[in-house]
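Student: Before I ask anything, here is the structure I am working with.
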Amino acid sequence: MACYSLDPEPPPKSCKSRGSNLPVHFKKTRKTAQAIKGMHIRKAAKYLKDVTLKKQCVPFWRYNAPRPKQWGWTQGWWPRKNAESLLYMLKNAERNAELRGLDVDSLVIGHIQVNEALKLRRRTYRAHGRINPYVSSPCHIEMILTEKEQTFPRPEEKAAPKKNISQKKLRKWAGEMALWVRALTALPKVLSSNPSNHMVAHNHPNNEI
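The numbering of the sequence shown is the numbering used here, which starts it at 60 and goes up by one.
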């Protein structure tokens, strides 16, 4: 049984796929895997097909090209062989999901990892009896697909419709409010000028009834 660097959560809603000692370059495969991590499987499959057809590219640390501007980067390349290997792994994981009875339309790439495998050393013969090393860099790929729970947006509460008030009514109300403010500000002056209004008659025992 193959060992994985990560245990999926939750296990019943995930599926795995793994390839060992694949004859594709480690660095290019790792960059391509980083580009599709977290994607929906349909979107990732379309992206990998576009890479093989040179419609989209993978952001790289080398090879200037105008295509990587959609990634906010200025360097990219079209690793066709690496994209085909990842596409095969993605289809294999999708078949495993169908066998487990998972909802294929809600699967995303929750985990993908590319590890460097043991380098294969060969030799190439040069002129004058020279021999140069001919080294390849294969890799191991592991992929885990997980079911993404569907989230339904909360219905927006409908705001009460605003009443359209004419400007004429607004001016009329503003004039009435101004009159009320003037009357309230003038009331203390009126009361202070007539102190008799504040006097209250009190019953005195000497007062005749």
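A virtual CB, placed ideally from N, CA and C, is assigned to each residue, including glycine. Note that the coordinates shown come from a computational prediction; the quantities given were computed from them, not determined experimentally.
Within a Cβ cutoff of 8 Å, which residues of the same chain sit near I190, ignoring the five residues on either side of it in sequence?
Tutor: Scanning its chain for C-beta atoms nearer than 8 Å, with the 5 sequence neighbours on each side dropped, one finds around I190 the residues R182, T183, Y184, in chain order.
Student: Below 8 Å on the Cβ atoms is my contact criterion, and I expect P67 with I203 to pass it. Report the Cβ-Cβ distance as a whole number of Å.
Tutor: 5 Å
Student: Excluding sequence positions up to five away, which residues of its chain have a Cβ less than 7 Å from the Cβ of M258?
Tutor: Since pLDDT at M258 reaches only 49, below the 50 mark, its modelled position is unreliable, and no value is offered.
Student: Touching or not, the region 74-82 and the region 149-168, by the rule of three or more beta carbon pairs under 8 Å?
Tutor: yes
Student: Could you please give the first and the last residue of the uninterrupted beta strand (DSSP E) stretch that includes Q172?
Tutor: 166-175 is the span of the beta strand (DSSP E), which, as asked, contains Q172.
Student: Span of the beta strand (DSSP E) holding S64?
Tutor: Unbroken run through S64: none, as it is neither H nor E.
Student: Please determine if the region 97-115 and the region 161-170 are in contact, where contact requires at least 3 C-beta pairs separated by less than 8 Å.
Tutor: yes
Student: Please tell me whether K87 and V117 are closer than 9 Å, where the distance is taken between their beta carbons.
Tutor: Taking 9 Å as the Cβ cut-off, K87 and V117 qualify as a contacting pair.
Student: For S196, name the three-state secondary structure that DSSP assigns.
Tutor: Under the three-state reduction of DSSP output, S196 falls in the coil class, being neither helix nor strand.
Student: Pull up the DSSP beta-bridge partners for H99, would you.
Tutor: V167
Student: Rounded C-beta distance between P197 and R180? I'm assuming under 8 Å.
Tutor: The Cβ separation is near 12 Å, so there is no contact.
Student: Where L243 and S225 are concerned, what is the direct C-alpha to C-alpha distance, given to the nearest angstrom?
Tutor: 28 Å
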